[in-house]
Amino acid sequence: MDFKKELLNSLTKQIKEQITLEVPPNLALGDFALPTFKLSKKPPELQKSLKFPKFIKKTEIKGPYLNFFIKKQVLVETTIKEVLKQKEKYGYNNKGKNKVITIDMSSPNIAKPFGIGHLRSTIIGNSIANISKKLGYKVIKINYLGDWGTQFGKLIAGYKYFGNKELLKKDSIKHLLEIYVKVNQDPVLEEEGRQWFKKLEEGNKEALKLWKQFKDLSIKEFNKIYKILNVEFDVISGESLYNKKMNAIVKELKEKNLLEESEGALVVNLEKYNLGVSLIQKTDGTSLYATRDIALAIDRYKNYKPINMIYEVGAEQKLHFKQFFKILELMGNQWAKDCTHVDHGLYLDQDGKKFATRKGKTVFMIDILNETIELAKKTIQEKNPNLKNKDEAARKIAIGAIFYGDLKNTRTHDLVFDINKFLEFEGNTGPYLQYTYARASSILRKSNKISSKTRIREVNEKELALIKTISQFPNTIENAYTQLAPHIIANYTFQLAQNFNEFYHACPILNQIKEIKESRLLIVRATTQTLANALSLLGIEVLEEM
Ligand code: ARG
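Going by this note's numbering, the sequence shown opens with residue 1, and the numbers climb by one from there.
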């Protein structure tokens, strides 16, 4: 039961003013505090006149606050009972029923290495999708590939000079990257590339054939990454689907008096809104990223009618999103207000610079992932050489480490991408959380069945702190959803693991009289369930043993 919400509901009905409940800085002050600064009645008056729900033991006045104490045993028993009854559904609800959310996420560019920013988008987008799903929303995860633009004209031009079929098959992305670099060093080839892009937009067969080959091979490479990450999509889309809609967009913008000519190109002037100028059609008549995004959004709205159209893309594209959301609005689309750019900061190197190159060389995502898995395997080899399925365990630990290393941070912040730190088994890391889960699971494995009549005994301070944290899970998910902030779940999970480890050290379980032992085992069971549920929201897989 969400005690906070229950209490808040009951108080709101009686007070009939805007109220909030806070959690006091320490347990001695009670479980919840009602700040009364803005209320018309003062604490003594409130205390006298209000009726409190049954689970409230007493209230106390502390300055401008009215503090509430929950009946310990009610909190403990209802919480544990709820978790054990709802199991993998604990903490979730159905508020979003019949509402659709689209999440544009990952969205790498074909024929190019899967970027580190695309990894962030994949991890954060995936978590936001998980969180929304557990609140009942119908979530559509869309991978919108960067598969259109001048660069593909350049690649075609370059491939005709430097292309090699075998290399393309064997190491597609590396080979295409080499070609791309060469073209960009040669102004003549660059010009040829622009012409090839024009041909591509006009539907030239030869151009399309090569482009399609580059695309299929790139997707094959990307799929290897998604498989390791264990992330799936509902829709694979791409910019190429929307270039054909440029003419319609241009026509509509013209009719609505939004288009201006500028040196032969067509633009929407957004200076009035402090958003500069957005280029819609180039002088040679080809389309742009922004043009395609406008067409895409209109199409997406038509198809899905989402209550929130989310784009999980790096903060460096803030202006782009502001511009095209504004254009959608100016075109008269009321739903433009439901478009959200969920942005994220950069991954940095240990030296604080943007993480991109290693001694001047491009880093390939697949290599980073495989290196991390190797490191995880080494640790397993040291700590638990008899572990079964070491490869799969190493993958889960490595990916858990990377996901958590990212998600524990506020997404808009930059963070240092440090695999060795992420992989530590102690401290605020993914492996620490997985390890806590595995340890709790092993306690359960070692004990006999608990009789169904078992009740939670009078709890001590550590047990209470742990159960309280467990009881806050439903509310935490709602907060994470409202703020589109997976770090709220990550921080919660860490808190839960810490509460558990403190409980585990202070409260022996197995060598106890039966009543205490079973009562504590119930607490362990509820903890493992909540931990698993929380980690799954982050996209982190648990291990029964590690
Ligand atoms: N492919 C783009 C990039 O790598 C990201 C696309 C994001 N989605 C969108 N609808 N613009 O920068």
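The C-beta atom is built at its ideal place from N, Cα and C for all residues, glycine as well.
Computed from a predicted structure; not experimentally measured.
- Straight across, the Cα-Cα distance linking Lys244 with Arg292 is about 9 Å.
- When distances are taken from the beta-carbon of Val363 to the heavy atoms of the ligand ARG, even the shortest one reaches 7 Å or more.
- Under the three-state reduction of DSSP output, Ala111 falls in the coil class, being neither helix nor strand.
- The C-alpha of Ile327 is placed about 12 Å away from the C-alpha of Asn257.
- Secondary structure note for Ile489: its alpha helix (DSSP H) is the uninterrupted segment Pro486 to Ala506.
- Secondary structure note for Val76: it is in no beta strand (DSSP E), and the uninterrupted alpha helix (DSSP H) holding it is Lys72 to Gln86.
- Unbroken alpha helix (DSSP H) stretches of 4 residues or longer found wholly inside the region 328-370: none.
- Remark: the C-beta of Val231 is outside contact range of the ligand ARG, defined as less than 7 Å to any heavy atom.
- In the structure shown, Asp391 falls within a helical segment according to DSSP collapsed to helix, strand and coil.
- Per DSSP, the continuous beta strand (DSSP E) segment holding Gly238 begins and ends at Val235 to Gly238.
- Closest in C-alpha terms to Asn409, from the list Arg120, Ile477, Ser218 and Gln213, comes Arg120.
- The continuous stretches of beta strand (DSSP E) do not include Ala315, and DSSP gives it neither H nor E.
- Excluding five sequence positions before and after Gly332, the CB atoms of its chain that fall closer than 8 Å to its own CB belong to Lys256, given in chain order.
- Counted as a single uninterrupted DSSP element, the beta strand (DSSP E) harbouring Glu260 occupies residues Leu259 to Ser262.
- In this structure Leu346 is buried. Its beta-carbon is surrounded by 16 or more other beta-carbon atoms within 10 angstroms.
- Between the C-alpha atoms of Ser40 and Lys4 there is a straight-line separation of about 22 Å.
- The C-beta distance from Leu200 to Ala207 rounds to 4 Å, short enough to fall under 8 Å.
- Here Ala534 is not bridged, per DSSP, to any residue.
- Excluding its 5 nearest sequence neighbours in each direction, Asn499 has C-beta neighbours in its own chain below 6 Å: Ala465, Leu466 and Thr469, listed in chain order.
- In this structure, the ligand ARG has a non-hydrogen atom nearer than 7 Å to the beta-carbon of Pro108.
- Met546 is positioned such that its CB atom lies closer than 8 Å to that of Tyr435.
- The Cβ atoms of Arg411 and Ile124 sit closer than 8 Å to each other.
- Collapsing the DSSP output to three states places Ile450 in coil.
- In this structure, the CA atom of Arg455 is about 13 Å from the CA atom of Glu82.
- For Ser40, the three-state secondary structure derived from DSSP is coil.
- Relative to the Cα of Lys89, the nearest Cα in the group Ala315, Ser447 and Ser536 belongs to Ser536.
- Between the region 102-110 and the region 67-81, the count of Cβ pairs shorter than 8 Å is below three; the stretches do not touch.
- Relative to Phe197, the option among Glu458, Gly153 and Ile516 whose CA is nearest is Gly153.
- For Pro35, the uninterrupted beta strand (DSSP E) run begins and ends at Phe32 to Pro35, by DSSP.
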